[in-house]
Structure formats: structure tokens, C-alpha cells
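Protein chains in written order, with my numbering: chain A, 1222 to 1351; chain B, 3 to 41; chain C, 1131 to 1632. Note that beta-carbon positions come from the ideal geometry of N, C-alpha and C, so glycine has one too.
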């Protein structure tokens, strides 16, 4: 997660997701932003906090097989730059979404729940917690 | 050929390429339509 | 490129090593490619799960569903959804010696590489740019043919016993005496397998309470041996002496974790040539650090023995250093001697200790005599003791081929990794589709190359690993360069920023 260009590729893919949703004619702007936020958080939750192990064989005798991707980043070291980036990005998206949904209460509840679902597993005290 | 290589469609089977290309065409079509309506 | 100052520096020769950075656009497009393949991988898994598509993969039977799963299905996600699609570029069956040219068995697949069928045809005289055959001794002719045949008829081919029991014949003694002379050490020990030489001897050298400082790109056999030993392992950045010195300093200052007792032994493990990077270890600096912090040095010369140095003595001779400074000299006979097996060289007391305590000496069948004879003949040829200058010529030819080929590829505009004297030439491909395309396009042009991708390399550093050989003539190299140039234009692989704009 700290190899060259992956943060840029991640930001571009979020932007592309947003443009795809924006190009659906019958969605309003608030709906598009909320959908972007929710789909992004769902994908992040699945890829970083649900799937365990690695999609290929590793020579570590299965040590990482029971760890999620997030727990494997930087061999479990907390507060590395990759981890900070992946923690901050959903927050930035959430703030943007709140602004563009004009702080509508319904959108606010949906977005806040979605944000918490990807922020809580990132806290160091939840490392390895099931 | 470059398009197939850069998007890795080169490695997909023909029907998967069709799925991807039709999705791409529809997204671009929608984006153009929405852009037109918006303008 | 790190030019060490000539006057008074540690190096007696220029040390030119380059790893040009991945262009940002190429990196982003590479992730896009992997993203699309992952999406379609999930789609295919979904179709297989709901039996919409036939699953070719090995899975448990219905009755076995409730048992502990035999197959970690996610761990095979990458194999079944990415690797399968381009695996015709790997494991190609050859039906000749892996020499300068090779004959391939032609095969086709009608189900997108899940199964292959042989057409019965043989594709002859493929230019072999993939095998480790640095000095070209992988041949069924030449100086070793007669002696090996004789030994084969005299000794047979299987030893069927270990060195400590019946498997110790005069050929082994002859080889080890010659090997000690070749390496310039007191004594040497030969094993039947290169991988086992590392994985079985490191546990005999270090154990609990010891510290191993290992390069991050060390071979799997070194990793396995280090883990088997039970010693504490710390990893330093690839060929990065600052990182190594920092670990050494911490090890001396803080000692063992919790008790802070001093480490019993500190063993630095490095390789002579890193075959995936094409880089050469900074041995003068490593030896300087080892002396400064009084630690031991284990040098794995699997690729560099025979391929480097004016007389083929490996990376120690290449830098003009003293073999005495390296505590454990390890290497293999696979790459430059056209044989198999590995060796360890060093002080006599060390070798005698290993002869008694090493797993391989106790349990493993010893080297097969014809293979021993192959090694002896080629080693004498390299040393010039067979009365010819063939060995010398091949060493020079390899050095020339290496410099020429690397320079020409850079002029063509490709990104080439590693040291300019390393016969392993990683040519960067980056995108996943270009890995398969490069292998296929080159085979169409009658050139066999080895392509390597994630997870054997970092995800954005897929590459073709071209291995040069002394048996390649300049004509062969020019043909290969011409074809690579063609394919490079077709696939647009000329990413280098340093390329000469016409």
C-alpha cells in the first residue's frame, strides 16, 4: 500500500466512481455523493477489513492467513503513512458528502454510519479483534 | 492492441471483453447525455 | 547510479547500478489493469460458485464440505483468475539441453490455458534468453561429455546413501579439494542440491540467541534456512548499507530484546548477484561493516560464481577482495557449471563442523558421480587446468555480451534494472497484460524469454528476466535485440526517460 502511485490510483478510482454515478441522469447531486461515499466505504470495508489472508501463496507458512488486509499492512505496524492515508481518505470523502448533501438529516445518518463502519476497524485497539 | 494491453483486457476472454466494453460504452454514453442535459 | 570515488574509496572498479523509477502514469495504469482483472476475478468466482460456469479448479467434493477445507480458496484467487490466463508463457516443455538454442514442444489450449494438448510438433532452435547458463556449459557436447560418460558407466548415477555413510566416494573428495583451490579457501563441502545447501546449513550455524541480518530480496532458500534456525531475523533494505549499519548498530547497542544480553552471533546474509534485480552486492562495504561490528558474513554466490570476476571466481574476485574476509562462501553448480548441487567453503574447522552437523551431510543423498564429474571438468576448464583457454574465453565472452546487451537495450529505450556487469538483465514490463503479451510475441519470433510478475516481484515491477550466456554469439544477440526492439515498439515498452530521442 505504499508502493509508487497507488494512492494516486486510489484517488483517481474514487473520482471515476463519482463521475460514473454523476452521469446517471436520474440521480440528484446529493444522492450521487451519498452513493459515492457508501459504495467507497463498502468496497473499503470488504477489501481491507473482511477478506483475510492473501490472494496468492506466501512463504510464511500461513501466518497471515487469518489476518485482514488492514492488519497485514506494514507487517502490523500502527500509524504508518499508508494507514494514515487510508484513515483520512474516508473522512475527507465524508466531509465533502456532508457539504454537498447540504447536511440533510437522512443523508447525514446514512453517511455517518457508513463512515464509522470503516473508521472503527482502523483503530489500533481493534487490531486482531473479531 | 494498446487499449487491450493497458486495460488488461488482453488477458480476458472474448465474452468478458464484450461485457467490459459494453459497460464502458454505456457509461460514456450516459456521461455525454447527462453532460448535454446539464449544459 | 552510485559512482564511488575512485581515489581511496572501497571499490577498485566503478560500480554502476541503476533502478530507474516507474513512470507515474504507467504505475497508475498498472493498478487499473489489476483492478479490472480483480473485478472480473470476483465475477468468475461468483459464476463458479453458482455453477453457472464449470469449475476447472481442484475443490472438495460435496461430501467433504463439512471438513476443514483442504484448499484455501482465496489464496488461489490470483492463480485461478490472473495467472491462469497467461500461464502459457510459463513452464514451457523443452526437449533439448537448455543451451544457447533450445527446442520447444509445441502445445495449444482450447480452454484458455486450463488444459494443454501437444500438437506433436517441435519448435526448433529457439534462441534461449531464459536459462541460467552463464558460461554455456549446459551442453551435450564439449569438454565434459567423454569424462562424464566414463564416470556414468563406472559409478552409475545414484549414490543411494549419505555422505556420512556409504555415499562418500573418491570423486567427492576430488571435487572438494579442487573446489577449495578454486575458491581460495581452506576447505569446502559439496551438496546435492543448491536450495538445500542454504536451508539445511544455516540451522547448523546459528540458533536461538543469534541474530540474522538478511537482505530483503534474499532467495527463498535463505529465508527458509533462517526461519528453520530459530534465530532472530532482521531485514535490511536491498543492498542498502545505511540500513544494514543501522541494524548492526542497534544489535550491538541494545542486544537481545527484553534481556538485552549481547547476541551470541550476528550473521549477515547476502547474495552475490540478485537474480530478480540484476544487482550485485556491495561486498566491499559489507565486509567493511562486518569487520567494524565483528559479525559473520554468509555470502550466497548462487549466480555470481563462474559468472563474475576475470577468472570466474565470483563476486569476491570481481571486487578484488580476499576470500578470507568472507566467513561462509556458499554457491551452486547449477548456473555456471551446467550441473546441479551446491557448496560451502570456508575455514577447515567450519567445514569439519558442518560435515558432522549439517542436515544435508547426515540425511541427504550425496551428489551423483556423473554430476560431480561434470563439475570437475568444467571447473578445470575455467581454471585453465585442462590445457585450453576455453574457460577464459567464455568468461570474457560473457562479460562482453553482458555489457553490449545492456548498453544496446538502454539505447533502445527500455528500462533495465541492475548492475551493468550482471548477466541477469531485468527488462521492465509493468502492466499485467504485457507480461503475457511479451512472452507470446517473443516466442512467435523464435526467442524464449522468462517473464516474472506479481507476487514474485512488486506489483508495479513486472519484468522479463533475460539471462545472457557466453554461448550467445554477437549474431544471436543482434537477432535478439532486433526482435526485442520490434516487440518493444508493438507493446510500447520503451518507457525510459533516459532514452535518446532520435
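- prompt: What is the DSSP secondary structure of residue 1514 of chain C, counted as helix, strand or coil?
  reply: coil
field: Close-in-space but distant-in-sequence residues of the same chain around residue 1470 of chain C (CB under 6 Å, 5 per side omitted)
entry: 1464 and 1501
- request: Could you tell me whether the Cβ atoms of residue 1437 of chain C and residue 7 of chain B are closer together than 8 Å?
  value: no
field: With 16 other Cβ atoms within 10 Å as the buried cut-off, status of residue 1431 of chain C
entry: buried
task: From the DSSP output, read off the bridge partner residues of residue 1237 of chain C.
output: C:1248
message: In the DSSP output, what is residue 1595 of chain C paired with across the bridge?
response: C:1556 and C:1580
Same chain only: Cβ atoms within 6 Å of residue 1512 of chain C, ignoring 5 sequence neighbours per side: 1442 and 1521
task: Check the C-beta distance from residue 1152 of chain C over to residue 1292 of chain C and give it rounded, since I have them as a contact under 8 Å.
output: About 48 Å; that fails the 8 Å criterion.
- prompt: Secondary structure at residue 1330 of chain C, three-state DSSP: helix, strand or coil?
  reply: helix
message: When you compare the segment 1341-1359 of chain C with the segment 1393-1411 of chain C, are there three or more beta-carbon pairs, one atom per stretch, that lie closer than 8 Å?
response: yes
- request: Report yes if the CB atom of residue 1225 of chain A is closer than 8 Å to the CB atom of residue 1545 of chain C, and no otherwise.
  value: no
- prompt: With C-beta atoms as the reference, is residue 1260 of chain C less than 8 Å away from residue 1602 of chain C?
  reply: no
message: Please state the DSSP three-state secondary structure of residue 1280 of chain C.
response: helix
- prompt: Is the number of C-beta pairs between the segment 1347-1359 of chain C and the segment 1374-1383 of chain C that are closer than 8 Å three or more?
  reply: no
task: For residue 39 of chain B, decide whether its Cβ has a neighbour in chain A, counting only Cβ atoms nearer than 8 Å.
output: yes
query: Who are the neighbours of residue 10 of chain B on chain A, taking C-beta pairs under 8 Å?
result: The contacting residues do not exist; residue 10 of chain B stays about 14 Å from chain A at best.
message: Does any residue of chain A have a CB that is nearer than 8 Å to the CB of residue 32 of chain B?
response: yes
task: Would you verify that the beta carbon of residue 1351 of chain A is, or is not, closer than 8 Å to some beta carbon of chain C?
output: no
message: For the structure I just gave you, are there three or more beta carbon pairs, one from the segment 1285-1300 of chain C and one from the segment 1455-1463 of chain C, closer than 8 Å?
response: no
message: Pairs of beta-carbons, one from the segment 1469-1484 of chain C and one from the segment 1314-1325 of chain C, closer than 8 Å: are there three or more?
response: yes
task: Compute the beta-carbon to beta-carbon distance between residue 1263 of chain C and residue 1228 of chain C, rounded to the nearest angstrom, for a pair I have assumed lies under 8 Å.
output: 6 Å
task: Starting from the C-beta of residue 1132 of chain C, find all residues in its chain whose C-beta is less than 6 Å away, skip the five residues before and the five after it, and write them out in chain order.
output: Confidence in residue 1132 of chain C is poor, its pLDDT being 49 and thus under 50, which makes the residue's placement unreliable; the coordinate value appears in the next sentence. Cβ within range, chain order: n/a, list empty.
Interface residues of the segment 1583-1610 of chain C facing chain A [CB-CB below 9 Å]: 1584, 1585, 1588, 1589, 1590 and 1591
field: Residue-chain proximity (residue 1256 of chain A, chain B), Cβ-Cβ < 8 Å
entry: no
message: According to DSSP, simplified to helix, strand and coil, what is residue 1627 of chain C?
response: coil
- request: Taking all protein chains shown into account, decide if residue 1136 of chain C is buried (16 or more other Cβ within 10 angstroms of its Cβ) or exposed.
  value: With a pLDDT of 47 at residue 1136 of chain C, under the threshold of 50, the predicted position of this residue should be treated as unreliable, though the coordinate-derived value follows. Flag for residue 1136 of chain C reads exposed.
field: Separation of residue 1228 of chain A from residue 41 of chain B, as counted between CA atoms
entry: 32 Å
- prompt: Just reading off the alpha helix (DSSP H) that residue 1155 of chain C is part of, what are its end residues?
  reply: 1154-1179
message: Less than 8 Å between CB atoms is the rule here; does residue 25 of chain B satisfy it with respect to chain C?
response: no
- prompt: How would you call residue 1633 of chain C, buried or exposed, if buried means at least 16 neighbouring beta carbons within 10 angstroms?
  reply: Outside the modelled stretch of chain C, which goes from 1131 to 1632, sits residue 1633 of chain C, for which no answer is possible.
query: Does the Cβ of residue 1246 of chain A have 16 or more other Cβ atoms within 10 Å, making it buried, or fewer, making it exposed?
result: exposed
task: Starting from residue 1303 of chain C, trace the alpha helix (DSSP H) both ways and give me its first and last residue.
output: 1300-1313
- prompt: Around the Cβ of residue 1334 of chain C, are there at least 16 other Cβ atoms within 10 angstroms (buried) or fewer (exposed)?
  reply: buried
task: Measuring only between beta-carbons, confirm whether residue 1308 of chain A sits less than 8 Å from chain B.
output: no
- prompt: Span of the beta strand (DSSP E) holding residue 1306 of chain A?
  reply: Taken as a continuous stretch (DSSP letters only), residue 1306 of chain A belongs to no beta strand (DSSP E), being part of the alpha helix (DSSP H) at 1302-1321.
task: Give a yes or no on whether the minimum CB-CB distance between residue 1244 of chain A and chain B is below 8 Å.
output: yes
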